[in-house]
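To keep things clear, I will list the structure first and then write my remarks on it.
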Amino acid sequence: MPLDVQCWGCGGIFHETNDEDGWIKLDDGGGEIPNPRVKRFFPDKPATGSMFKLKEPYTSYGWDTFPHDESVTGEALECPSCGAPYVNASGKVQVVRQRLIRGERQAAA
Ligand SMILES: [Zn+2]
0 MPLDVQCWGC GGIFHETNDE DGWIKLDDGG GEIPNPRVKR FFPDKPATGS
50 MFKLKEPYTS YGWDTFPHDE SVTGEALECP SCGAPYVNAS GKVQVVRQRL
100 IRGERQAAA
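Counting from 0, one number per residue, gives the positions in the sequence shown under numbering that gives the first Met the number 0.
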């Protein structure tokens, strides 16, 4: 379940964590294992661009944001709205539980 990333500066929510793609379903019905190709968000690990993705509708709007790969770290992880870094002075990203599940969000749009 992805978490919403809340900007320390403007309080806006434009990115979410990429956890959604972080699991692989085993064909034999043995459940799910972490996808080793995905760099998942962990609160205690240094954040990189690969841990986040731009949410809808901002993706459809064509908003310009940092590349979602591991080369982007620290203060380069900028809010696409106000330009504040997603990491604070302690290196922490503010994540909050998503308020709506995907189906409800689509229905509300
Ligand atoms: Zn912001």
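Every residue gets a Cβ at the ideal spot worked out from N, C-alpha and C, and that includes glycine.
Distance cut 6 angstroms, beta-carbon to ligand 1 heavy atom: residue list by chain order: Residues with a Cβ closer than 6 angstroms to any heavy atom of ligand 1, in chain order: 6, 8, 9, 11, 78, 80, 81 and 83.
Assigned secondary structure, residue 3 (DSSP; H/G/I helix, E/B strand, else coil): Annotated three-state conformation of residue 3 is strand, per DSSP.
Pick from 8, 84, 32 and 1 that is closest to residue 72, judged by C-alpha positions: Comparing Cα positions, the closest option is 84.
Closest residue to residue 2 among 79, 65, 81 and 53 (Cα-Cα distance): Of the listed residues, the one whose Cα sits closest to residue 2 is 53.
Buried or exposed (CB count within 10 angstroms, at least 16 for buried), residue 32: Exposed, by the Cβ-count rule.
CB contact check: residue 51 to chain C, cutoff 8 angstroms: Looking at the structure shown, chain C is missing, and only one protein chain is on hand.
Ranges of the beta strand (DSSP E) found wholly within the region 40-88, counting only runs of at least 3: Runs found: 51-53.
Straight-line gap, residue 77 to residue 64 (C-alpha atoms, nearest Å): About 8 angstroms.
Rounded straight-line distance, which links the Cα of residue 29 to that of residue 82: When the Cα atoms are used, residue 82 and residue 29 turn out to be separated by approximately 44 angstroms.
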